[in-house]
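Asks: Counting from 1, position 295 in the sequence shown corresponds to residue 295 in full-length UniProt numbering; the numbering is continuous, with no gaps.
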Amino acid sequence: MLRRGHSQAMKKHTIVLAGGGHTHALLLSALQKRPLPCHLVLLSSTRYTPYSGMLPGVISGAYQPEEAHIDLKVLAERCGCEFIEDDITGLTADRSEIITRTGQVIQYDTLSINTGSTQNRVIEGPDCVSIKPVNRFLPWLSSTLPERLKRYEQQSRPFNMVIVGGGAAGVEVAMALKARFSACPVLTLHILTANGVVAGHSPGVRRLVSKELIQKGIQVHSDFRVLSVLDHCITGQNGQQLTYDQVILATPAKPASWPGQSGLSIDQAGFVRVNAFLQSCSHSNVFACGDIAAFTETSLAKCGVYAVRQAPVLHHNLTAVLSGSSLKPYQPQQQFLSLLSCADGRAIASKGVFRAKGSLLWLWKNRIDKRFMAQFPLPQPGSMDS
Ligand SMILES: Cc1cc2nc3c(=O)[nH]c(=O)nc-3n(C[C@H](O)[C@H](O)[C@H](O)COP(=O)(O)OP(=O)(O)OC[C@H]3O[C@@H](n4cnc5c(N)ncnc54)[C@H](O)[C@@H]3O)c2cc1C
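1) Which value, in whole angstroms, describes the spacing of the CA atoms of I234 and S222?
2) Between the C-alpha atoms of G288 and R148, what's the straight-line distance to the nearest angstrom?
3) Does the distance from the CB of L177 to the CB of F159 come in under 8 Å?
4) Hey, how far is the Cα of R157 from the Cα of P332?
5) Taking A276 as the reference, which of S326, Q104, E172 has the closest Cα?
6) Along the chain, where does the beta strand (DSSP E) containing S341 start, and where does it finish?
7) Does the Cβ of K132 have 16 or more other Cβ atoms within 10 Å, making it buried, or fewer, making it exposed?
8) Does the beta carbon of N120 fall short of 7 Å from some heavy atom of ligand 1?
9) Check whether the Cβ of E172 sits closer than 7 Å to any heavy atom of ligand 1, and report yes or no.
10) Considering only their Cβ atoms, is the gap separating G57 from S341 smaller than 8 Å?
11) When the Cα of residue 470 is compared with those of A179, V274, P65, which residue comes out closest?
12) Is the beta carbon of A307 closer than 8 Å to that of T23?
13) Given this structure, state the Cα-to-Cα distance separating I218 from A179, to the nearest angstrom.
14) Flag this pair as yes or no: are the beta carbons of L242 and V321 separated by less than 8 Å?
15) Any chance the CB of N114 is under 7 Å from a heavy atom of ligand 1?
16) Would you mind sorting Q8 into buried or exposed? The rule is 16 or more other CB atoms within 10 Å of its CB.
17) I'd like the span of the alpha helix (DSSP H) that includes I163, first residue to last.
18) What I want to know is whether the C-beta of S60 ends up closer than 7 Å to one or more non-hydrogen atoms of ligand 1.
19) For G19, which of helix, strand or coil comes out of DSSP?
20) Given a cut-off of 8 Å, decide if G263 and G270 are closer than it, judged by their beta-carbon atoms.
21) For residue 390, count neighbouring Cβ atoms within 10 angstroms of its own Cβ and tell me buried if that reaches 16, exposed if not.
22) State yes or no: is the C-beta of C303 nearer than 7 Å to some heavy atom of ligand 1?
23) Do D109 and N317 count as a contact pair if the criterion is CB distance below 8 Å?
24) Among E85, D369, G382, which one has its Cα closest to the Cα of R47?
25) Between the C-alpha atoms of G167 and N114, what's the straight-line distance to the nearest angstrom?
26) Hey, would you say the C-beta of T102 is under 7 Å away from at least one heavy atom of ligand 1?
27) Measuring CA to CA, which of E124, I248, V205 is closest to L230?
28) Relative to the alpha-carbon of D71, which residue among T89, I191, T296, Y51 has its alpha-carbon at the smallest distance?
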């Protein structure tokens with residue numbers, strides 16, 4: 001099927017938004033007031049996209065999934081954007097064509113990619129899940145995992161759950177799981193990390209996080225780089241061994257494979273290289289933002305914060321493409337505040353060398369996150385039940 005949207009849009013410039021990540025969600029929210037004069041299409045693998053800031057709260061049970069997801073279909077419809085729920089499986093940049101899982105071939109004049117990332121699968125084995133895609137992780141968390149824990153508890157068998165990755169995501173997920181399953185006596189949580197916890201944060205923050213994990217009884221295995229996995233046993237590069245019943249991957253971000261075969265310029269890891277205008281280094285009619293983009297001006301961590309701040313720049317630049325005016329560069333902030341949820345009504349703040357911990361920080365984080373989500377239509381209560 002070759003399509004270019006509905007028939008009356010045939011002569012209009014077609015902009016395809018690939019993926020409903022943070023940048024595109026914010027762009028669409030802004031477009032509700034003044035839609036772009038073009039045929040706009042949002043192509044997303046899911047109707048409901050998660051807001052990463054509230055994900056640990058969903059895992060701990062502090063939020064319902066519906067509170068932390070954006071209804072992209074409703075959002076798109078509010079600004080006259082066509083919504084297509086389908087997976088992008090291929091892109092031919094030289095022909096300006098997207099190929100989807102259901103066999104659609106979608107042509108564009110301008111493309112913006114905001115499809116996020118997945119986790120590096122350092123472990124392939126039985127009983128091993130990754131946090132992303134979130135729409136597979138959450139149903140597993142609310143049905144499969146509790147059933148397994150119950151079985152182990154009935155048999156009085158210890159259950160070792162290993163989170164691979166000691167970054168902010170791994171640490172927050174570990175604390176959230178601890179809170180969610182606090183009544184399960186057989187569960188022990190472990191974090192495996194090659195460089196200690198929250199590398200990239202100040203030594204003071206790292207100490208604060210380590211202390212918090214110890215107090216919660218979460219065992220951190222530092223300097224543990226996974227070498228191999230056999231029969232539910234992980235072996236590290238230094239010969240360490242750890243048996244597990246369940247692995248959760250919270251490893252560094254990895255791109256999907258299709259950008260690598262698209263003809264777009266990519267970096268060594270496979271992320272789409274973009275210039276200061278968030279524009280592909282090889283194809284000027286393609287933009288990329290959020291995790292999938294490799295910003296060539298300076299190296300950026302894969303953080304939702306950057307995806308959020310790129311939205312006004314993308315908005316300006318797509319408008320400029322249509323009007324023929326100049327593009328605007330994106331200037332990433334040097335430092336930003338991170339608020340890590342301890343999943344017990346407290347949070348840890350980190351910005352440069354500044355650090356703090358407490359319940360007021362959690363209240364502040366909760367307020368920021370709720371205010372962020374208030375801009376978007378949310379799924380109906382119960383609509384995300386698996
Ligand atoms: C547990 C956890 C907690 C985190 N907490 C924070 C935090 O507090 N602050 C922070 O800054 N960062 C946080 N992060 C990192 C953050 O999740 C990412 O940096 C952020 O989600 C990237 O946003 P994005 O806009 O690039 O894409 P995403 O928000 O990942 O969205 C990508 C979208 O594209 C869709 N998509 C993907 N592939 C396709 C395809 N092939 N076809 C069509 N659609 C597709 C997806 O369904 C999704 O809707 C956290 C990560 C995790 C795992």
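The C-beta atom is built at its ideal place from N, Cα and C for all residues, glycine as well.
Replies: Inspection of the coordinates gives the following:
1) 14 Å
2) The displayed chain sequence assigns Ala, not Gly, to residue 288. Computed Cα separation, rounded: 40 Å.
3) no
4) 49 Å
5) S326
6) 338-341
7) buried
8) no
9) yes
10) yes
11) Look at the range of the chain in this structure, 1 to 386, and you will see that residue 470 is not part of it.
12) yes
13) 11 Å
14) no
15) yes
16) Low confidence applies to Q8: its pLDDT is 45, below 50, so where it sits in the model is not reliable, and the reading given next is rough at best. By the neighbour-count rule (16 or more Cβ atoms within 10 Å), Q8 is not buried but exposed.
17) Where I163 is concerned, there is no enclosing alpha helix (DSSP H), although the beta strand (DSSP E) it sits in stretches over 159-164.
18) no
19) coil
20) no
21) Residue numbering for the chain in the displayed model covers 1 to 386; residue 390 lies beyond these limits and cannot be assessed.
22) yes
23) no
24) E85
25) 22 Å
26) no
27) E124
28) Y51
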